[in-house]
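Everything below concerns the one structure shown next.
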Amino acid sequence: MTADGADETGGDTGEEDAQDFYGRWARLYDLLARKTPGITTLRTRAAAACRLEPGDTVVEMGCGTGANLPYLRERVGPEGTVVGVDFTRPVLERARELTAEYDNVHVVRGDATAPPVADADAVLATFVAGMLADPADAVDDWCDLVGAGGHVVLVNAARSRKWYGPPVNAVFRAVVVLSTPPTTKLRYETSPHDRLDERIDAAHGRLRDRSAAIAHESHALGVVRLTGGRVR
Ligand SMILES: C[S@@+](CC[C@H](N)C(=O)[O-])C[C@H]1O[C@@H](n2cnc3c(N)ncnc32)[C@H](O)[C@@H]1O
Numbered sequence: 001m002t003a004d005g006a007d008e009t010g011g012d013t014g015e016e017d018a019q020d021f022y023g024r025w026a027r028l029y030d031l032l033a034r035k036t037p038g039i040t041t042l043r044t045r046a047a048a049a050c051r052l053e054p055g056d057t058v059v060e061m062g063c064g065t066g067a068n069l070p071y072l073r074e075r076v077g078p079e080g081t082v083v084g085v086d087f088t089r090p091v092l093e094r095a096r097e098l099t100a101e102y103d104n105v106h107v108v109r110g111d112a113t114a115p116p117v118a119d120a121d122a123v124l125a126t127f128v129a130g131m132l133a134d135p136a137d138a139v140d141d142w143c144d145l146v147g148a149g150g151h152v153v154l155v156n157a158a159r160s161r162k163w164y165g166p167p168v169n170a171v172f173r174a175v176v177v178l179s180t181p182p183t184t185k186l187r188y189e190t191s192p193h194d195r196l197d198e199r200i201d202a203a204h205g206r207l208r209d210r211s212a213a214i215a216h217e218s219h220a221l222g223v224v225r226l227t228g229g230r231v232r
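Under the UniProt record's numbering, think of the first position of the sequence shown as 1, with each following residue one higher.
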């Protein structure tokens, strides 16, 4: 994917930069989030990995324009609850428009690293961990939020580890550099794709450490990683 995965920043982007970036590009981002080839399958797989039952509560951290929310709603049914959390107002407005037909889908402004939700059966975060300064810490909080037996699912784009990775990664690297939200600091102090890889590894590694059972999938030539964990 282009902007979808790649614009999780690997650089030193501050929260304000990220909110400006996503705020300005909300409509375009929304188009990519829904129409990128293969994205429907990926979002279906991510929702399935949450292992939801009808009536469950699921929280999506960094829900953006809400592209995952209908898939989650389908899993929990009319008796369940879906909460989308994001800190960027314009993307949340779009998410609200697109889920207006559901009275059990709630879109709230908040920080994914200090979620405004106390309890849930599952947490989903797609293309978000790479934007967090301490993604492993955030994953810990999400595991605590769902508690033992709950599920946390992470989907992220990072460098492919497949044997055919080098050419795929050359393209991925260019996309990350071009789509990293500009910062108020020097843009290339640290290479954005290296930082992104470190953050994704840290987040998925912490989820593996915290889980009693784990499922892993890779998509898009190995660039997209999905890790689902049942918390111990
Ligand atoms: C690459 S987009 C992904 C959106 C959505 N999950 C998807 O798959 O289309 C990342 C989103 O995370 C949000 N975000 C990043 N850091 C956040 C934080 N600390 N708290 C809340 N939202 C955050 C951004 O505002 C943006 O909407």
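Using N, Cα and C, we set each Cβ at its ideal position, and we do this for glycine too.
Computed from a prediction, not measured in an experiment: that's the story for all the values here.
query                                                                                                         : result
Residues sharing a beta bridge with Gly110, DSSP                                                              : Bridge partners of Gly110: none, in fact.
Among Val82, Phe127, Pro135, the one whose alpha carbon lies nearest that of His206                           : It is Arg, not His, that sits at residue 206 in the sequence shown. When each option's Cα is compared against that of Arg206, the closest is Pro135.
Closest residue to Val83 among Arg109, His151, Asp194 (Cα-Cα distance)                                        : Arg109
Cβ-Cβ separation, His193 to Val176 (assumed contact under 8 angstroms), whole Å                               : 4 angstroms
Residue range of the unbroken alpha helix (DSSP H) whose run includes Ala136                                  : 135-146
From Thr227, Arg24, Ala67, Ala26, residue whose alpha carbon lies closest to that of Leu98                    : Ala67
Cα-Cα separation, Asp137 to Thr126                                                                            : 16 angstroms
Start and end residues, alpha helix (DSSP H) containing Asp194                                                : 192-210
Supposed close pair Arg94, Asp30 - CB separation, criterion 8 angstroms                                       : 5 angstroms
Boundaries of the alpha helix (DSSP H) in which Asp20 is found, first to last residue                         : 15-24
Proximity of Ile200 and Gly130 at Cβ, strictly below 7 angstroms                                              : yes
In DSSP terms, what Asp86 is bridged to                                                                       : Arg109
Whole-number beta carbon distance between Pro116 and Gly80, since they are thought to touch under 8 angstroms : That belief does not hold up - the Cβ atoms of Gly80 and Pro116 are roughly 19 angstroms apart, past 8 angstroms.
Boundaries (first-last residue) of the alpha helix (DSSP H) holding Ala46                                     : 39-49
Spatial distance of Ala49 from Arg73 (CA atoms)                                                               : 14 angstroms
Best match in Arg195, Gly165, Leu145 for proximity to Val153 [C-alpha to C-alpha]                             : Leu145
Rounded distance between the beta-carbons of Thr113 and Leu132, thought under 8 angstroms                     : 6 angstroms
Same chain, Cβ closer than 7 angstroms to Ala215, neighbours up to 5 away in sequence not counted             : Ala49, Gly228
Outcome for Gly77 when other beta-carbon atoms lying within 10 angstroms are tallied against a minimum of 16  : exposed
Under the three-state DSSP convention, the category Val153 falls into                                         : strand
Phe172: CB within 6 angstroms of a non-hydrogen atom of ligand 1                                              : no
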